[in-house]
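Asks:
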Amino acid sequence: MKKQNLVVIGNGMAGARAVEEILARGGGEIFQISMFGDEPYGNYNRILLSNVLNGSQEESEIFLNPLDWYRDNNITLHAGVRAETILRKSKVVLADDGTGEPYDKLIIATGSSSFIPPIEGLYASDGSYKEGLFVFRSIDDCREIAAYAQDRGRAVVIGGGLLGLEAARGLQKFGLEVEVVQRVGHLMNQQLDPQAGAILKSTIEKMGIRVHVNANATRALGTERVEGLVFEDGRTLSCDLVVVAAGIRPNIEIAKRSGLAVERAIVVDNQLRSISDPNIYVVGECAQHRGAVYGLVAPLWEQARVLADHITGANPNAAYHGSKVATKLKVMGVEMAAMGVSEPQDERDEIVQFTEPRKGTYKKLIIRDGRLIGAILLGDISKAAYLTQAFDREAALPEDRLALLFDLGTPSKQVTVEEMPPDMQICNCNGVSKGALVASVKSGKKSPRAVMETTRAGMGCGSCRKLVTEVVEWACGGQVEEDPSIHYYVPGVPLTKPELIKACKEQNLKSVSQVFRALAGGKEDPASKPGLASLLATIWADEYQPESDARFINERIHANIQKDATFSVVPRMPGGVTNPEQLRRIADVAEKYKVPMVKLTGGQRIDLLGIRKEDLPNVWRDLDMPSGHAYGKTYRTCKSCVGTEFCRFGLGDSTSLAIRIEDLLKGLDSPHKMKMATAGCPRNCSEALVKDFGVVAVEGGKWEIYIGGAAGSHVRKGDLLCTVASENDVLKYLSRFVQYYRENGKYLERAYGFVERMGIEKIRAIVVNDEEGIGERLENDLARCSAAYRDPWKNLLNAPGPNRFNSLLTVIQ
Amino acid sequence: MREITIAPLSAIPAGEGRNFEIAGRKLAIFHTRAGAVFATGAECPHRKGPLADGLVGGSVVICPLHNWKFDLASGKPLLGDCPIETYPARLNEKQQIVVSLP
Ligand code: SRM
Ligand SMILES: Cc1cc2nc3c(=O)[nH]c(=O)nc-3n(C[C@H](O)[C@H](O)[C@H](O)COP(=O)(O)OP(=O)(O)OC[C@H]3O[C@@H](n4cnc5c(N)ncnc54)[C@H](O)[C@@H]3O)c2cc1C
Ligand code: SF4
Ligand code: FES
């Protein structure tokens, strides 16, 4: 059968989603698909533009359908091409580049454009926006704002709604002073009542964004570029740029021109077809269904499903009945969720309300006939998932109203997950419903990770991951299959760490390539190489056969790679102690090689940043200091305080102990970085309580040993392992603990994770009480590795290997 | 297409890559542990990471900056959104690397 032509105008979230749904229903067999998108890209997740602007995500991370996807699915994409006219009689779409695409079925998914309020002086004489005026709708808008915002002073955002606040928060990243002007009396007036709006205003102002309400801008200042705004009440505000986020207007010109029924948007029936033409479907923000036009993604996912069911014939009775919308604000530091109405509609409606303005907390529910018809949650949204679900399904609410606002024994999690209707959306970024997660589990994906990878749930902003995991666990009926590879030491070799160590020892495997050959069927997994190298070095010490290709570039070249492919150099400086001679040499090197930045690190040594690969050997030679290993998954540093040497409170010689620790552990490979500290008294100036291993001198010549502390991406106070009476005992338990961690920690598991996983009692039993009788063996194995240490900089100077430091080679001939 | 002999295989340790300037272009040349050679554009399409400094296994390279992953033969991304350019590469009878440029 000859395929029908399906043409889609608009390659945004709704258009691309509709096509995905159509393909999922076998539409690839029925239709030859072509799409017009006037943005020159594949489809991306517009919601996440806020994250792109505020810098928490890269542009490249938000693509949902990269250009390959179209190719792989045999879709002709006219990217960067604008559809101009629909010739409904001859059934052809004409585009601005002269293309004509004949269609049997047509989908209009043109979305919206930013609404520009009638403010005088926004346009240049040629009708374009004046310099400094921006909207916030597309990747290109983000790029333009970012380029212009550098080194400017003040930005004004017109519009205090969802988009305006997200834009304002994003603009702060550029170091701008940011002000928001809202025409009406409170922020987010679409979703919030005045009281909640006022609380939100003070929360936002605490973040350093000034908010002006009842501020109706009437005129823009500046001739060449926007320099300020004048308001109805005579106030003025000067600024360097203006971002307009004052609402959206559906893109309906093309529909109007071709004679389709259009009101606020293109009017559709319950099958999402234009009421004027059964061959034309409309989806997304440009569709008007039963009087409603939606400006959020959840409704358009539902529309896309119905459209696909209908157009492919998968379910000819599919019908769309409108959506109930809930909103969340994605502004860092503000927790806000709202749904339905914000005020009671008549005297039947019951209000349940709680306010704590000082903490920025506000909760309000509007209930009719025992069912939720609206809710506002500000400051604490722990009940949002439950309430959204109750709102969506119009479920009867429990009699105990207090339980709706606070966790006082509301339905348990199980019940809640179970009660969620299948079409409830769990992942809002990628529009994945509970039903889709369950289907994925049914199709054989039995671990949260596998489900996330196939459905893309949780792969956007990530805020739903916990819920996705709960749903998957529930759907598996407790039979969650853990992804077996999470038990492997590295994904590319199907063995746990103890199994792997045993196999390597039994089969005498001393290099990474031998391991792949013997234990992975010869299949090399690049990501597994560094973990294997680290383990082999741990097992074999001086017998380990290093292979430079098995190491990440940092450990290949013994310097840390930087964003511009230059490197940083951190010489060893045990205990943070240095001397004028060393400092002079460092200074000379910094001058000689024009080092762009010399910086004191958080690890108490000196970092020379931005060194060219070619210069590394000479820098090392001139420094004549050993490597500080500031780049590897190895022992890093032992910070120390001045201790008894100089400090009037010192109880123990923390500096010399730190130097001994560093001497023992320098350069040792381990599952992850190891950072230590010694403190001369409980004032703890070197932060020993939050280190992988920390020791604190206490009265009576004793040392307290703490393990598993952290103060990076996690903060955890170390657990007290034991208190000992001498420096030698510190080194003994240090050796045992470190070697035990090296042998049992998973690759990339920091000591804080390891200690938590094993439990301090178990570690104490092995390390201190020697209940397994391996204490001495651990000490000896560590000592052997320590003795095998050679300064890698010297090694590399002697035997660099072919072209190791050339960043660009020329051809022979 | 013209073929250019760029270097003896021994210029690149097995399992690694090196950058070459070839007829005005910057290419990354890889020598895998299986003994194959590949030629690609030198810079990662993400943020210009130096692919030659990446981890290589089988015929896959992982960019050292943010772990995008590419198939060296086809240039297709295995993780990330954009492909890399690839150029035919082979060894001649003298164990020298020969790359074809358009
Ligand atoms: C240079 C330095 C910052 C500075 O200028 O002070 C630094 C720089 C980097 N840190 Fe750090 N960290 C530095 C001290 C710290 C500290 C403080 C400390 O060591 O006392 C911490 C918190 C303590 C801790 O690790 O528990 C710290 C916690 C991290 C983390 C989070 C680790 C965690 O699991 O919590 C990472 C990311 C990671 O390891 O995956 C990280 C990763 C990085 C990397 C290596 C990122 C990377 O992979 O490129 C940075 C390298 C920059 C570069 O291009 O050279 N850095 N980093 C510090 C070097 C110390 C040194 O002399 O060795
Ligand atoms: C910064 C930002 C944050 C947001 N945050 C959220 C959020 O947290 N939650 C939420 O639910 N929603 C959010 N939204 C709204 C959400 O992005 C939209 O509801 C959704 O993108 C609408 O999809 P659409 O396909 O209808 O329109 P669009 O995604 O705008 O797609 C329409 C596409 O069609 C193209 N087009 C238009 N006319 C033509 C033509 N004639 N020819 C060819 N191509 C054409 C447009 O260029 C565009 O690429 C946010 C929006 C923005 C801008
Ligand atoms: S905190 Fe550490 S990892 Fe983050 S930018 Fe600073 S140096 Fe880099
Ligand atoms: S530059 Fe290659 S992954 Fe970022």
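First to last, the protein sequences are chains A and B. 1 is the number of the first residue of the first sequence in our numbering; add one for each residue after it. 1001 is the number of the first residue of the second sequence in our numbering; add one for each residue after it. Cβ atoms here follow ideal geometry from the backbone N, Cα and C, with glycine treated the same way. Predicted, not measured: the structure shown is a model, and the values here were computed from it.
Would you mind telling me which residues of chain D sit closer than 8 Å to Ser1010 of chain B, beta carbon to beta carbon, in chain order?
Replies: Protein chains in the displayed structure are A and B, and chain D is not among them.
Asks: Consider the Cβ of Pro596 of chain A: report whether some Cβ of chain B lies at a distance smaller than 8 Å.
Replies: no
Asks: Name the two residues that bound the continuous alpha helix (DSSP H) containing Ser534 of chain A.
Replies: 529–540
Asks: Using 7 Å as the cut-off, classify the Cβ of Cys286 of chain A as near or not near the heavy atoms of ligand 2, replying yes or no.
Replies: yes
Asks: Looking only at DSSP bridge pairs, what is Asp423 of chain A linked to?
Replies: According to DSSP, residue pairing for Asp423 of chain A in a beta bridge does not occur.
Asks: Please tell me whether, using a cut-off of 7 Å, the distance from the CB of Asp1071 of chain B to the nearest non-hydrogen atom of ligand 2 is below it.
Replies: Residue side-chain check: Asp1071 of chain B keeps its Cβ at 7 Å or more from all non-hydrogen atoms of ligand 2.
Asks: Find the nearest neighbour of Lys675 of chain A within the set A:Ser686, A:Asn214, A:Glu39, judged by alpha-carbon distance.
Replies: Ranking A:Ser686, A:Asn214, A:Glu39 by Cα distance to Lys675 of chain A puts A:Ser686 first.
Asks: Using a threshold of 8 Å, state whether the C-beta atoms of Met35 of chain A and Gly15 of chain A are closer than that.
Replies: yes
Asks: For Ile816 of chain A and chain B, any beta-carbon pair shorter than 8 Å?
Replies: As displayed, chain A neither begins before 1 nor continues past 813, which places residue 816 of chain A out of reach and without an answer.
Asks: For a quick check, are the C-beta atoms of Val715 of chain A and Thr655 of chain A less than 8 Å apart?
Replies: no
Asks: Using CA atoms only, rank isn't needed, just tell me which of A:Gly295, A:Pro800, A:Lys445 is closest to Leu616 of chain A.
Replies: Comparing Cα-Cα distances from Leu616 of chain A to each of A:Gly295, A:Pro800, A:Lys445, the minimum goes to A:Pro800.
Asks: Starting from the Cα of Leu165 of chain A, find the closest Cα among A:Gly360, A:Gly333, A:Asp96 and give me that residue.
Replies: A:Gly333
Asks: What residues does ligand 4 have around it, judged by CB closer than 5 Å to any heavy atom, in chain order?
Replies: B:Cys1044, B:His1046, B:Arg1047, B:Gly1049, B:Cys1063, B:Leu1065, B:His1066, B:Trp1068
Asks: Counting Cβ pairs, one atom from each stretch, are 3 or more of them under 8 Å apart for the region 383–397 of chain A and the region 352–371 of chain A?
Replies: Taking a contact to require three or more Cβ pairs closer than 8 Å, the region 383–397 of chain A and the region 352–371 of chain A qualify as touching.
Asks: Grab me the residues of Arg621 of chain A's own chain with a C-beta within less than 8 Å of its C-beta, minus the 5 sequence neighbours each way, in chain order.
Replies: Non-local C-beta neighbours of Arg621 of chain A in its own chain, meaning closer than 8 Å and more than five positions away in sequence, comprise Leu797, ordered along the chain.
Asks: Could you give the distance in angstroms between the alpha-carbon of Val490 of chain A and the alpha-carbon of Leu519 of chain A?
Replies: 12 Å
Asks: Going by the CB atoms, is the gap between Gly575 of chain A and Ile659 of chain A shorter than 8 Å?
Replies: yes
Asks: For the candidate residues A:Val589, A:Pro671, A:Arg235, A:Gly222, whose alpha-carbon lies nearest to that of Tyr747 of chain A?
Replies: A:Pro671
Asks: Taking only beta-carbon atoms, is Ala559 of chain A less than 8 Å away from chain B?
Replies: By this cut-off, Ala559 of chain A is not an interface position.
Asks: In the structure shown, what three-state DSSP assignment does Phe391 of chain A receive?
Replies: helix
Asks: Exposed or buried, which one is Thr223 of chain A when buried takes at least 16 other CB atoms within 10 Å?
Replies: exposed
Asks: Kindly list the residues whose CB is nearer than 6 Å to the CB of Glu21 of chain A, restricted to its own chain and excluding five residues on each side of it in sequence; keep chain order.
Replies: Counting only residues of its own chain and dropping the five nearest sequence neighbours on each side, Glu21 of chain A has a CB closer than 6 Å to the CB of Ala304, Arg305, Ala308.
Asks: For the putative contact between Ile280 of chain A and Leu106 of chain A, defined by C-beta atoms under 8 Å, what is the C-beta separation to the nearest angstrom?
Replies: 5 Å
Asks: Quick one: does Glu473 of chain A have its CB under 8 Å from some CB of chain B?
Replies: no
Asks: So Val696 of chain A is in the beta strand (DSSP E); what residue range does that whole segment cover?
Replies: Segment 693–698, the beta strand (DSSP E) holding Val696 of chain A.
Asks: Would the C-beta of Asp38 of chain A count as close to ligand 2, meaning under 7 Å from any of its heavy atoms?
Replies: yes
Asks: Whole alpha helix (DSSP H) runs in the region 697–764 of chain A with 4 or more residues, listed along the chain?
Replies: 727–744, 751–758
Asks: Could you check where the beta strand (DSSP E) with Met339 of chain A kicks off and where it finishes?
Replies: 336–340
Asks: Since Tyr362 of chain A sits in a beta bridge, which residues does DSSP pair it with?
Replies: DSSP, once it has assigned bridges, lists A:Thr355, A:Leu378 as partnering Tyr362 of chain A.
Asks: Tell me whether the beta-carbon of Asp524 of chain A lies closer than 8 Å to the beta-carbon of Gly1058 of chain B.
Replies: In the sequence under discussion, the amino acid at residue 524 of chain A is Glu, which differs from the Asp named in the question. Going by C-beta atoms, Glu524 of chain A is nearer than 8 Å to Gly1058 of chain B.
Asks: Determine the direct distance from the alpha carbon of Leu23 of chain A to that of Ile30 of chain A, and round the result to whole angstroms.
Replies: 9 Å
Asks: Is Val19 of chain A near ligand 2, in the sense that its beta carbon is under 7 Å from a heavy atom of that ligand?
Replies: no
Asks: Is the separation between the beta-carbon of Ala788 of chain A and that of Asp564 of chain A shorter than 8 Å?
Replies: no
Asks: Report yes if the C-beta of Ser50 of chain A is less than 7 Å from at least one heavy atom of ligand 2; otherwise report no.
Replies: In this structure, Ser50 of chain A has its beta carbon less than 7 Å from a heavy atom of ligand 2.
Asks: Can you name, in chain order, every residue of its own chain whose Cβ lies under 6 Å from the Cβ of Glu727 of chain A, other than the five neighbours on each side?
Replies: So the qualifying residues of the chain are Leu657.
Asks: Using DSSP's beta-bridge definition, name the partner residues of Asp1071 of chain B.
Replies: B:Val1060
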